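*Asks:*
Chains as they are written, first to last, in this note's numbering: chain L, 25 to 137; chain D, 14 to 126.
Here it is, written out as structure tokens:
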């Protein structure tokens, strides 16, 4: 099955700086890569996703890049703000009939004011 | 207006008891999921139903039994609760037709004493 590794496990950045989280996946057939943000006491919420036919996607201060050859993808958050403090999860989904997501272990991001 | 709701939000019970967690979604989605999030925040798929049919059944003790009375509801019943069952359980739903955004509920924190 798919195995997703995520680094770093914790990340502390100064407000206004950029944050980068990296993930690798094992199944070269995976074709869907979402990123979820989980705030304290809440369920995860999708913030951005990318499919394997695209190399990069941006949404305001958030961007995701995908390198299919190396089987890794990254989340970039620019101009970080205190409300960006949360746990971020990457995930990967191989083509199948069950739409199963395999999640990384999560990155706890703290934005220092 | 709540998209995915779970009850109860907190559940404290003793070892050996049987308990249920209920989940409802009003998004019109065909696919629903149960995830377990352990104390280290790791998210692991347990079950998935597509239009009331079980499509994912991960390696989960058979003390856990999901039930989907209709495509808007997916309940989780746990028999003979053990200390290791303590975790946060999340319900989620998504559209059928390919991997896509999963909408998570607020979670149920289960504590077994």
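Using N, Cα and C, we set each Cβ at its ideal position, and we do this for glycine too. Remember, predicted model here, so these are calculated numbers, not experimental data.
Using a Cβ distance threshold of 8 Å, determine whether the segment 46 to 59 of chain L contacts the segment 68 to 78 of chain L, with at least three qualifying pairs required.
*Replies:* yes
*Asks:* Spatial neighbours of residue 111 of chain L within its chain, please: CB distance less than 6 Å, with the 5 preceding and 5 following residues excluded, ordered by chain position.
*Replies:* Here the question's residue 111 of chain L lines up with position 87 in the first chain. Correct list, in chain order: 62, 130, 132.
*Asks:* So which residues of chain D does residue 32 of chain L contact, with C-beta pairs closer than 9 Å?
*Replies:* Taking the first residue of the first chain as 1, we reach residue 32 of chain L at position 8. None at all; the shortest Cβ gap to chain D is about 14 Å.
*Asks:* Under 7 Å Cβ-Cβ, which residues of chain D neighbour residue 56 of chain L?
*Replies:* Taking the first residue of the first chain as position 1, residue 56 of chain L is located at position 32. By Cβ distance, chain D contributes 112.
*Asks:* Would the beta-carbon of residue 63 of chain D fall within 8 Å of that of residue 31 of chain D?
*Replies:* Looking up residue 63 of chain D in the second chain gives position 50. Looking up residue 31 of chain D in the second chain gives position 18. Taking the C-beta atoms as reference points, residue 31 of chain D is found no nearer than 8 Å to residue 63 of chain D.
*Asks:* Using CA coordinates, which residue listed in D:55, D:51, D:87 is at the minimum distance from residue 107 of chain D?
*Replies:* Residue 107 of chain D sits at position 94 when you count from the first residue of the second chain. Taking only the C-alpha atoms, the option nearest residue 107 of chain D is D:87.
*Asks:* According to DSSP, is residue 64 of chain L helix, strand or coil?
*Replies:* The residue you call residue 64 of chain L lines up with position 40 of the first chain. Residue state, collapsed to three classes: coil.
*Asks:* Taking CB distances under 8 Å as the criterion, tell me whether residue 54 of chain D reaches chain L.
*Replies:* Taking the second chain and counting its residues from 1, the one referred to as residue 54 of chain D is at position 41. Chain L contact via Cβ: present.
*Asks:* Could you list the residues in the segment 65 to 81 of chain L with a C-beta less than 9 Å from some C-beta on chain D, going in chain order?
*Replies:* 65, 66, 67, 68, 69, 70, 73, 75
*Asks:* If you scan the segment 34 to 121 of chain L from start to end, which runs of the beta strand (DSSP E) of 3 or more residues do you find wholly inside it?
*Replies:* 34 to 38, 43 to 49, 56 to 62, 69 to 75, 80 to 83, 86 to 91, 96 to 101, 110 to 116
*Asks:* Thinking residue 104 of chain L and residue 135 of chain L are a contact (beta carbons under 8 Å), I'd like their distance in whole angstroms, please.
*Replies:* The count along the first chain starts at 1 and reaches residue 104 of chain L at position 80. The count along the first chain starts at 1 and reaches residue 135 of chain L at position 111. At roughly 5 Å, the Cβ-Cβ gap stays under 8 Å, so residue 104 of chain L and residue 135 of chain L are in contact.
*Asks:* With a 10 Å radius around its C-beta and 16 neighbouring C-beta atoms as the bar for buried, classify residue 98 of chain D as buried or exposed.
*Replies:* Taking the second chain and counting its residues from 1, the one referred to as residue 98 of chain D is at position 85. Buried, because 16 or more other Cβ atoms sit within 10 Å of the Cβ of residue 98 of chain D.
*Asks:* Would residue 37 of chain D be called buried (16 or more neighbouring beta carbons within 10 Å of its own) or exposed?
*Replies:* As a first step, residue 37 of chain D must be located in the second chain, where it is residue number 24. Buried, by the Cβ-count rule.
*Asks:* Residues of chain D with CB under 7 Å from residue 46 of chain L, in chain order?
*Replies:* Here the question's residue 46 of chain L lines up with position 22 in the first chain. Going along chain D, no residue has its Cβ under 7 Å from residue 46 of chain L, so there is no contact; the nearest lies around 18 Å.
*Asks:* Answer with yes or no whether the minimum CB distance from residue 117 of chain D to chain L is below 8 Å.
*Replies:* Within the second chain, residue 117 of chain D is the residue found at index 104, counting from 1. Closer than 8 Å: yes.
*Asks:* Are the CB atoms of residue 117 of chain D and residue 67 of chain L nearer to each other than 8 Å?
*Replies:* The residue you call residue 117 of chain D lines up with position 104 of the second chain. The residue you call residue 67 of chain L lines up with position 43 of the first chain. A contact, by the Cβ cut-off of 8 Å.
*Asks:* Are the CB atoms of residue 84 of chain D and residue 65 of chain D nearer to each other than 8 Å?
*Replies:* The residue you call residue 84 of chain D lines up with position 71 of the second chain. The residue you call residue 65 of chain D lines up with position 52 of the second chain. A contact, by the Cβ cut-off of 8 Å.
*Asks:* Residue range of the beta strand (DSSP E) that residue 101 of chain D falls in?
*Replies:* As a first step, residue 101 of chain D must be located in the second chain, where it is residue number 88. From DSSP, the beta strand (DSSP E) with residue 101 of chain D extends over 100 to 107.
*Asks:* When DSSP labels each residue in this structure, what does residue 125 of chain L get in the three-state scheme?
*Replies:* Here residue 125 of chain L refers to the residue found at position 101 of the first chain. Note: residue 125 of chain L maps to coil in three-state DSSP.
*Asks:* Check for me: the beta strand (DSSP E) holding residue 70 of chain D runs from which residue to which?
*Replies:* Here residue 70 of chain D is taken as the residue at index 57 of the second chain, counted from 1. That run of the beta strand (DSSP E) goes 66 to 70.
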